[in-house]
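Inspection log for the structure reproduced underneath, given as structure tokens.
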Amino acid sequence: MNMIKFESARVASIKSSPSMAVSMAAKAMRAQGESVIDLSLGEPDFETPDHVVEAAVEAMRKGLTRYTAPDGLPELRQAIVAKFKRENGLHYAQDEISIGNGAKQILFNAFLGTLEPGDEVIVPAPYWVSYTDLVILHGGTAKIVQCGVEDAFKITPERLEAAITPRTRWFLFNSPSNPTGAIYTADELKALGEVLARHPRVAIMSDEIYEHIVCANVPFTSFAIACPDLKERTLIINGVSKAYAMTGWRLGYAAGPKDLTKVLNKLQSQSTTCPSSITQYAAAAALNGPQDFVTTAVAEYKARGALVARGFSAIPGLEIRAPEGAFYLFPKCSGYIGRTAPDGSRIANDTELASYLLKEGKVATVPGAAFGVEPYIRLSFATSRDNLSIAIERTADALAKLR
Ligand SMILES: Cc1ncc(COP(=O)(O)O)c(C=O)c1O
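So the sequence shown is numbered by our numbering: it starts at 940 and just counts up by one.
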């Protein structure tokens, strides 16, 4: 037996990504020949657009395969600056930009770069699975504010005010939201901004990675547009993963005050140096090139969102709020907690309900517990309408067997 304890206390304090774990379990069942519909991963099912792939191939052929500056190729930084101006009406200089191997690494760098032990980060729940673990990993405390379906999944100014303490370092939120699909309106953001304006030591992290994926008639508004006076203490996080179906390419970016991006870029220089140069050329092509891929993909997500909202609403015992954006449905499932499965086992919580749905219904979902609220399940509709129709049927059948 190995006598060395490899895991540090810091790493022992966090968990592996729960959505990845469900997806791995679904893959393992598939490998055994089971027909599992995987609604667990937030990953576009489209191919990366051809012109983006071509840009990467061209970069490789031209030998553009060297390290780049930690804050990226000038061409990419320029493309990001132009994106913020064109799509959001936001003006940033090139030194107010940072890039990372995915938006996830930007979050990692931001917390590593700014948190002192015991600093608090306010995170409305449900939250994206990685937020709280990344805060904890870097010595911070995640101050979770519960915002269930009855709150339209959004934090109110009163609750935000109540959560702020002298230790609050960041307010972190995500709109359109993973896992709920909720979008904050410009007025809602302004109202939150009024609270934050009274607390000049609190910085804002606005994760806008799903900005293009809008399903309902609620327009996306960037936090820095709704609250221009707070732009100087706002870090906007974004990336190419979701908009351009580039999850495996690993490119995230952020815009914020120069003093902050300097910290992020310093960390980048001592971690991965830079994201792959090839990916950077591809990401510049995605941001600068034709945007019709995004329009087509969003039209499809819209149709799928309507299909799942309709289908799952018809299942008794599930409480649904139709998604306004992103590609997730987040039904509340209290009606099924405490029921008994055909094998006699009792469904005590949403984690057990998700396991039951996987085993009995062959549908992979992620339990609400992973996102800090219970009892819910998250369903990703980034898969074909045929798959979604089968998933609705199987879920209804499996749930109907619970007594
Ligand atoms: C809300 C949110 N933020 C950030 C990310 C990270 O994206 P990436 O690291 O692929 O850029 C994800 C991915 O699922 C997400 O859902």
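Even glycine gets a Cβ: it sits at the ideal position worked out from N, Cα and C.
Three-state class that DSSP yields for residue i in the structure shown
i, result
"R1260", "coil"
"G1283", "coil"
"S1374", "Examination of residue 1374 is not possible in this model, given that the chain is present from 940 through 1342 alone."
"F1112", "strand"
"I1075", "helix"
"Q1230", "coil"
"I1083", "strand"
"Y1123", "coil"
"S1215", "coil"
"A1223", "helix"
"M940", "coil"
"G1277", "coil"
"S1145", "strand"
"A1245", "helix"
"K1271", "strand"
"T1107", "strand"
"A1265", "coil"
"A1236", "helix"
Beta-carbon proximity of residue i to residue j, cut-off 8 Å
i, j, result
"Y1267", "L1292", "no"
"F1269", "Y1315", "yes"
"N1117", "E1147", "no"
"I1036", "T1200", "yes"
"V1088", "R1260", "yes"
"A1064", "G1311", "yes"
"A1223", "A1018", "yes"
"L1206", "N1048", "yes"
"T1080", "T1124", "no"
"A1309", "S952", "no"
"S1180", "T1186", "yes"
"F1092", "A1121", "yes"
"L1297", "A970", "no"
"C1154", "E1313", "no"
"I1254", "L1128", "no"
"F1023", "A1194", "yes"
"I1329", "V1247", "no"
Length of the line joining the Cα atoms of residue i and residue j
i, j, result
"S1069", "S1294", "21 Å"
"R1333", "D989", "35 Å"
"P1139", "W1067", "26 Å"
"Y1192", "L980", "21 Å"
"A1265", "P1096", "23 Å"
"V991", "G1132", "37 Å"
"P983", "Y1006", "29 Å"
"L1051", "I1103", "21 Å"
"R1278", "I1286", "6 Å"
"Q1044", "K1340", "43 Å"
"C1086", "A1101", "14 Å"
"W1109", "V1141", "5 Å"
"I1143", "E973", "45 Å"
"D1126", "G1002", "49 Å"
"L1015", "Y1220", "7 Å"
Restricting to runs no shorter than 4 residues, where is the alpha helix (DSSP H) found entirely within the stretch 1149-1189? 1162-1165
Entirely within the stretch 966-1017 and at least 4 residues each: give me those alpha helix (DSSP H) ranges in chain order. Taking only runs of at least 4 residues, the alpha helix (DSSP H) segments lying wholly in the stretch 966-1017 are 989-1000.
Whole runs of the beta strand (DSSP E) within the stretch 1020-1073, excluding any shorter than 3 residues: Fully enclosed beta strand (DSSP E) runs of 3 or longer: 1036-1039, 1059-1064.
In the stretch 1298-1335, which residue ranges form an unbroken beta strand (DSSP E) of at least 3 residues, counting only runs that do not cross its ends? 1316-1319
Quiz: which residues have CB nearer than 6 Å to ligand 1 non-hydrogen atoms: G981, G1041, A1042, K1043, W1067, N1113, N1117, D1146, I1148, G1178, S1180, T1186, G1191
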